[in-house]
Structure formats: structure tokens, C-alpha cells
């Protein structure tokens with residue numbers, strides 16, 4: 015195990031050891047004396063958007079939608095015993111998840127940390143994927159996909175995604191479609207595993223009251239010594255620069271219309287600091303504009319444009335980024351018009367310095383307080399590693415941001431031609 019650096023991060027009161035295994039696994043370890051629990055988070059930069067990739071001499075590979083999520087299920091199954099059962103015997107709380115860009119697995123425990131770490135690094139490296147096991151799982155995954163499809167917020171969210179994007183896989187939920195679940199084969203999942211679950215692609219973050227040297231030595235022994243073959247490379251999507259549709263409409267079992275308004279960027283930024291900067295400046299702009307503490311939100315609320323169902327969020331990764339505002343309303347046309355106007359005014363006028371200072375302090379506080387436990391700290395650092403960032407790079411970026419940076423971001427994003435709408439109406 016090669017130690018790359020030891021970082022004393024005084025702003026959060028932690029010392030982080032950055033290391034790399036012989037096979038290239040990047041590891042971040044933080045000792046937190048006095049905590050009763052320890053945590054480990056492991057992940058790969060492979061998610062539901064990775065549908066076409068180069069991963070072997072056979073040439074391009076194309077897999078069904080939902081393949082990353084399906085593979086997560088297969089890893090949970092373990093080779094001879096379900097992974098959840100193995101962790102339960104050790105008293106460890108375990109879970110995992112698949113997003114558009116990542117798949118992660120994590121546990122926390124008050125005892126048997128090294129034994130649980132062995133389970134974690136075993137099942138993510140040594141699954142058993144067979145046609146019989148894949149067929150057996152399809153009914154379970156179909157039920158999960160249909161459960162999400164029965165949620166109006168989920169339906170409306172992806173209706174807007176289809177308005178914002180013409181080709182990008184972010185249009186499709188991470189679970190995929192029911193039809194694609196049933197056409198997924200063991201060969202598809204094995205191709206995904208072989209391409210992306212390589213030692214050099216794994217990222218691991220550990221936090222707790224343990225002996226760092228002992229744990230690093232244990233990790234090295236548990237990791238495979240080398241990649242099994244070529245690593246996967248996702249084939250880029252040439253997404254048109256403007257939204258696919260100005261508005262999409264669907265019907266659902268609801269009592270009031272659900273309105274969704276979004277703005278998207280023409281292209282992504284790649285990973286690292288450019289992505290972090292886009293995420294952060296966008297989030298700050300959105301908070302100053304539509305957070306319940308903002309003057310704009312108060313005005314919209316008092317005039318009945320939005321109610322307690324209203325929410326706004328940002329989503330961004332290497333090759334996509336957008337913001338979504340959503341809420342229930344009796345007057346969707348007015349909802350869309352007022353929110354568009356508010357965004358355009360904010361882009362034209364820029365934020366007040368006092369508002370910027372307020373949201374900046376709040377963002378700083380969320381980062382620091384959000385990493386106070388071993389589990390939260392390990393999860394935060396894992397995402398930094400997967401995004402090719404130094405741990406807590408967000409604090410450096412926050413320290414250098416100015417109101418003009420957020421104003422520039424708002425002018426770049428909140429353009430009429432970058433906007434799309436989705437409307438979910440009650441069944442007739």
C-alpha cells in the first residue's frame with residue numbers, strides 16, 4: 015500500500031490519509047478517536063447512464079437500461095450467501111445504491127469492523143452472475159420499477175427529463191424500463207462488471223476509531239492484485255445543445271396538476287473542480303432565488319403561485335446539468351410564467367451581497383456539520399474521490415467564491431431557450 019499524502023483538514027478537524035493499492039484502488043482513511051462506530055464506503059464510477067461503452071477487444075458494448083441497478087442486485091446476492099445476511103451476523107448496518115453516474119455500497123458498525131470490511135471488499139470483487147440467478151431476480155426488480163412508476167413525483171420528474179434531453183440516458187430512470195429488465199442477460203451484467211468493477215476503478219473511504227496502518231494493510235490484502243483486463247470507457251452521447259421539447263404533458267392518478275419547470279446546460283464540464291464549481295454556483299443561485307428563506311419565494315408564496323409542495327434542486331455530473339422546480343398548482347400556466355420571470359429577473363439583476371453572504375455561510379455550515387459522524391464523513395469523501403476531487407475541495411471553492419460568480423452562472427443558465435416544462439394532469 016502506497017501512502018500518497020496525509021492531509022490535515024483543520025476546518026473540519028480531521029486528518030485524512032490518502033493511499034493507493036498496488037492495483038490502483040484509491041483509498042481515503044480518517045481516524046476518529048472516541049467514536050463508537052466505524053464506517054466504510056466503496057464505489058465505482060458506473061451508473062445507469064453507462065449503456066454504451068468500450069470494455070474489451072470485442073468492440074463497443076451496449077446493454078439494456080437499468081443494467082447498473084440490476085448488477086447492484088446481483089452483487090447483493092453474494093456468491094453463496096446474501097450479503098445482507100453476512101453483514102447482519104456481524105451487527106453491521108449495510109446498504110448500497112445506483113445513481114445516474116455511480117454505484118456505491120457502505121456499512122457502519124460498532125464492532126467487527128475488519129470482518130465487515132472483508133465482506134464489503136469480497137462481494138464487490140467476486141460476484142456470481144449466472145443465467146439462472148439473473149432470471150430469478152427479474153420479477154423482484156420489475157416490482158421495484160413499477161413501484162417507482164406509480165409515484166407521481168417520479169413520473170413527473172422523468173417526464174421533464176425527456177423534455178430536457180433528446181438522447182442522453184439521464185432521460186431514463188436508474189432502474190430502467192420493465193421491458194429492458196426482462197431482456198437483460200447474465201452476459202450483459204458480466205460485461206458491465208468486467209468493464210467497471212476493476213480494482214483500479216474502485217474508490218474506498220474509511221472513517222472511525224481504528225489503527226490506520228493495520229486497516230490499510232488489511233485493505234491491501236483484501237483487494238485483488240491487478241485488473242482482470244481492459245477497463246470500461248463510456249462512449250459519449252452527442253446530445254443537442256437545446257431541450258428536446260418545450261413542454262410534455264401526461265396524465266396520472268392525482269387530484270391537482272403537478273408542474274415541472276427546468277433549465278439545462280448545453281454541455282457538461284467533465285469531472286473535478288469544473289464540475290464542483292458548476293454544482294456549487296448553481297445550488298447557491300437556486301437557493302437565493304427559490305429557497306423558502308428568499309424574498310422571491312416569499313412573494314410567490316404570498317400570492318399563491320407556490321405552496322408547501324414547491325421544491326427546487328440541481329443535478330449535474332460530467333456530461334449533464336440542469337435545475338428543476340416543481341410543485342402542485344391549480345394554475346400551471348401562471349406557475350410557469352411567474353417562475354420563468356423570477357429566474358430571468360435574477361439573472362439580469364444578480365444576487366444581493368447580503369443574500370450571497372447568507373447562503374455562503376449556510377453552505378459552509380452544511381458541509382462541516384454534514385461530516386460529523388464516521389458514516390457521513392466516509393460517504394462525503396467517497397463522492398469526492400469518485401468525482402476526482404481532493405477531500406473537502408468544496409471548502410476551498412467556497413472560500414474563493416464571490417457574488418459575481420453566482421451572477422455569471424445565473425446568466426449562463428436561466429435563458430428562455432434552455433427551459434422546458436412538464437405537466438402531469440389528473441386523469442379525466
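In the working numbering, the protein residues as written are 15 to 442.
Ideal Cβ positions, reconstructed from N, Cα and C, are used throughout, including at glycine.
This one's a predicted model, so the numbers in the text were calculated from it and none came from an experiment.
Inter-segment contact for the segment 335-353 and the segment 378-392 is absent: fewer than three beta-carbon pairs are separated by less than 8 Å. Residues of the same chain with a CB within less than 7 Å of the CB of residue 111, apart from the 5 flanking positions on each side, are 118 in chain order. In this structure, the alpha-carbon of residue 84 lies about 15 Å from that of residue 76. For the 8 Å CB-CB criterion, residue 303 and residue 356 form a contact.
Separation of residue 228 and residue 48 (C-alpha to C-alpha, rounded to the nearest whole angstrom) is 18 Å. Shown here, residue 52 sits in a strand according to DSSP, grouped into three states. Your pair residue 216 and residue 56 checks out as a contact, with CB atoms roughly 6 Å apart and the cut at 8 Å.
Judged by DSSP in its simplified three-state form, residue 351 adopts helix. Cβ-Cβ distances below 7 Å link residue 441 to 265, 266 and 267 in the same chain, with the five nearest sequence neighbours on each side left out; the list follows chain order. A Cβ-Cβ contact shorter than 8 Å links residue 151 with residue 87. Between residue 116 and residue 59, the beta carbon gap of about 6 Å places them in contact (Cβ cut-off 8 Å).
With respect to the 8 Å criterion, residue 213 and residue 194 are not classified as neighbours on the basis of their beta carbons.
Taking each of 260, 307, 210 and 188 in turn and checking the Cα distance to residue 274, the smallest one comes out for 260. Every beta strand (DSSP E) of 3 residues or more that sits fully in the segment 264-305 is shown, in chain order, as 272-278.
Scanning its chain for C-beta atoms nearer than 6 Å, with the 5 sequence neighbours on each side dropped, one finds around residue 248 the residues 64 and 67, in chain order. The beta-carbon distance between residue 81 and residue 218, rounded to whole angstroms, is 23 Å. This is too long to meet the 8 Å contact definition.
Every beta strand (DSSP E) stretch that sits fully inside the segment 313-391 and reaches 3 residues is listed by chain position as 325-331 and 334-342.
Around the Cβ of residue 35, a 10 Å sphere holds 16 or more other Cβ atoms; the residue is buried.
Its chain contains 251 and 253 as the residues whose beta carbon lies nearer than 6 Å to that of residue 181, once the 5 sequence neighbours on both sides are disregarded; these appear in chain order. Under the 8 Å Cβ criterion, the segment 357-370 counts as touching the segment 295-309, having at least three qualifying pairs. Annotation for residue 108: the continuous beta strand (DSSP E) segment containing it runs 107-112.
Taking 8 Å as the cut-off, the Cβ atoms of residue 79 and residue 186 count as close. Using a Cβ distance threshold of 8 Å, residue 20 and residue 406 do not count as a contacting pair. With a cutoff of 8 Å on beta-carbon distance, residue 388 and residue 52 are scored as near each other. Secondary structure of residue 142 (DSSP, three-state): coil. The criterion of a C-beta distance shorter than 8 Å is not satisfied by residue 236 and residue 89. Looking at 349, 280, 271 and 362, the one whose alpha-carbon comes closest to that of residue 170 is 271. Residue 413 sits exposed, since fewer than 16 C-beta atoms from the chains shown fall within 10 Å of its C-beta.
Inter-residue distance for residue 326 and residue 312 is about 14 Å (C-alpha atoms, whole angstroms). Residue range 117-123 is occupied by the beta strand (DSSP E) that includes residue 122. In the three-state reduction of the DSSP assignment, residue 221 falls in the strand class, which pools E and B.
Annotation: the segment 23-90 contains the following complete segments of the beta strand (DSSP E) (minimum length 3 residues), in chain order: 28-34, 40-45, 52-58, 66-68 and 74-76. By the Cβ-count criterion, residue 240 is exposed, with fewer than 16 other Cβ atoms from all chains shown falling within 10 Å of its own Cβ. Along the segment 156-183, the alpha helix (DSSP H) occurs as fully enclosed runs of 4 or more residues at 166-178, listed in sequence order.
Counting along the chain, the unbroken alpha helix (DSSP H) around residue 411 starts and ends at 407-414.
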